[in-house]
Amino acid sequence: MFAQSVGFFSVFYILSIILTVSCSDWFLIWVGLEINMMSFIALVYDRSSSSVETCMKYFFIQSLGSGILMMMFYSEFYWFEYICLGVLSYKMGGGPFYFWFPAVCDSLSWGSCLLLMTVQKVLPLLMISFLVSMFLWFIIISSLVMGALGSLNQKSVKRLMAFSSVHHIGWILMGNFLQENLWMIYLAMYSAMITGIIWTLMKDKILEVGMLGKMSSKWSFVLGMLSLGGMPPMLGFYLKWWLFYNLMIMDFSLLILMVLMSVLMFYVYLRISYSVIMGSVSMNGWNPINMNKNIMSLDLLYMMGLNVGVSLWFML
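Each residue of the sequence shown is one higher than the one before, counting from 1 in full-length UniProt numbering.
Put into structure tokens, the structure is as follows:
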């Protein structure tokens, strides 16, 4: 029965995305967002008391944003675009209204976190692409700054990845501001990177930063974190360099601030990676890659293939 209900709501979840993407009327887009929200809640609900609390929290947060959106769609308020951009940023957990996002992620399973960090951002980002204005820069900067600062000294890995997601919302929105479809490319590549990272965390049931040294797939996790940070020659480096290049062409003075926030976020990723690698050092010496029966793990192959394949594509 449970499997049947999951399949049922999965169909509605996919249909809600298709409906919203294919519609041009604001009301139908709003309906698609609501169906998407209810389907997501049904998918992440697992009948535990903490799950009920998290689902109710998510429902009220999204309902508040949806109510404001509905009022804005049929009003002639002068600040229509500004309010809609702020509400959409709030609904997907972007700055400066990100406060609910880390707490909700911390209460969800890793699989639900992955959905919330990737697929659940598609529809708000798609709507934002039709509302580009200079106010978007405020959301971009606040996402970059708050995501980077919030990730410092986090003990929960889920909260750490949530703040990382807030930070990358800034990069995705910047791609939306610079080129029409650049945000889609960045979101797709970010989703691929975060999928590999969460795969390794979910496999080893990692919840706290102190548990990272005991991971069985240390190097796939490290590759994913360094790629997220933009270390050359990995996938994340090409994505950020692409955005930096477009910013330099447009001569934006905010480039310096964005570079500083990127360096701060890279420091967080590097510190986490260092702690994971040092967990591989034993009294018997350095053991760089843990081979299980001489077969390289699938998650390590995934991260290596992703970085090498996309890097070659960028260089061609």
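Just so it is clear, CB atoms sit at the ideal spot from N, CA and C, and this is done for glycine as well.
Would you mind sorting residue i into buried or exposed? The rule is 16 or more other CB atoms within 10 Å of its CB.
i: F60; result: exposed
i: I249; result: exposed
i: Y94; result: Strictly speaking, residue 94 in this sequence is Gly, with Tyr absent from that position. It counts as buried.
i: G111; result: exposed
i: Y245; result: exposed
i: K121; result: buried
i: I289; result: The predicted position of I289 is uncertain, since its pLDDT is 42 and thus under 50; a value taken from the coordinates is nonetheless stated next. It counts as exposed.
i: V11; result: exposed
i: F163; result: buried
i: L28; result: exposed
i: F221; result: buried
i: S22; result: exposed
i: S151; result: buried
i: S50; result: exposed
Within the same chain, show all residues whose beta-carbon is closer than 8 Å to that of residue i, passing over the 5 residues directly before and after it, in chain order.
i: S275; result: V209, L212 and G213
i: W137; result: F177 and L254
i: F80; result: M72
i: F97; result: G86, S89 and Y90
i: L182; result: G175, N176, W242, L243 and N246
i: residue 404; result: Residue 404 cannot be examined here, being either before or after the span of the chain that is shown, 1 to 316.
i: L131; result: E81, C84, L85 and L88
i: Q179; result: N246
Once you ignore the five residues that flank residue i on each side, which residues in its own chain have a CB closer than 6 Å to its CB?
i: L187; result: I172
i: G285; result: Confidence at G285 is low in this model, with a pLDDT of 36, below 50, so the placement of that residue is unreliable and no value is reported for it.
i: G65; result: V87, Y90 and K91
i: M265; result: A148 and H167
i: F9; result: S39, A42 and L43
i: I169; result: G94 and S143
Among the candidates the options, whose CA atom is the shortest distance from the CA of residue i?
i: L255; options: F266, W241, F221 and Q120; result: W241
i: V272; options: V166, N153 and H167; result: Rather than Val, the amino acid found at residue 272 in this sequence is Ile. Comparing Cα positions, the closest option is N153.
i: M38; options: L239, L160, V87 and C55; result: C55
i: Y269; options: F244, K203, I194 and L247; result: I194
i: S24; options: L126, M231 and L228; result: L126
i: L115; options: S191, G86, I29 and Y245; result: S191
i: S165; options: Y58, Y82 and T118; result: T118
i: M134; options: A162, Y98, G147 and G86; result: G86
i: F101; options: W183, F9, V21 and L160; result: L160
i: A103; options: W26, E53, L239 and Y74; result: E53
i: W26; options: L239, M261, G150 and S75; result: S75
i: L257; options: F221, M146, I128 and M184; result: M146
i: R47; options: I68, V21 and S109; result: S109
i: I68; options: W30, I185 and T20; result: W30
i: M184; options: D204, K203 and P124; result: P124
i: L239; options: M189, Y45, T20 and K155; result: M189
By the DSSP assignment, the alpha helix (DSSP H) with residue i in it spans what residues?
i: V166; result: V157 to L178
i: I206; result: Premise fails: I206 is in no alpha helix (DSSP H) and is neither H nor E.
i: M211; result: Counting along the chain, M211 falls outside any alpha helix (DSSP H), and DSSP gives it neither H nor E.
i: Y82; result: F80 to M92
i: M127; result: V122 to I128
i: F27; result: W26 to V44
i: Y245; result: L235 to M250
i: M225; result: K218 to G229
i: S112; result: W110 to M117
i: C274; result: The sequence given here has Tyr at residue 274, not Cys. First-last of the alpha helix (DSSP H) with Y274: L255 to M278.
i: S151; result: Run containing S151: none; DSSP gives neither H nor E here.
i: S107; result: W100 to S107
Got a sec? Which residues, its chain only, sit under 7 Å from residue i by beta carbon, not counting five neighbours each side?
i: I206; result: V157, L212 and M215
i: V6; result: L43
i: Q62; result: M37 and K91
i: F237; result: G230 and M231
i: N292; result: Reliability fails at N292, whose pLDDT of 44 lies under 50, so the model's placement of it is uncertain and no value is given.
i: M261; result: L144, V145 and A148
Cβ pair count under 8 Å reaching 3, the region 190 to 200 against the region 136 to 143: Contact fails: fewer than three Cβ-Cβ distances are below 8 Å.
contact_flag[the region 7 to 20, the region 29 to 38] where n(CB pairs < 8 Å) is 3 or more: Contact between the region 7 to 20 and the region 29 to 38 is present, because at least three Cβ pairs lie under 8 Å.
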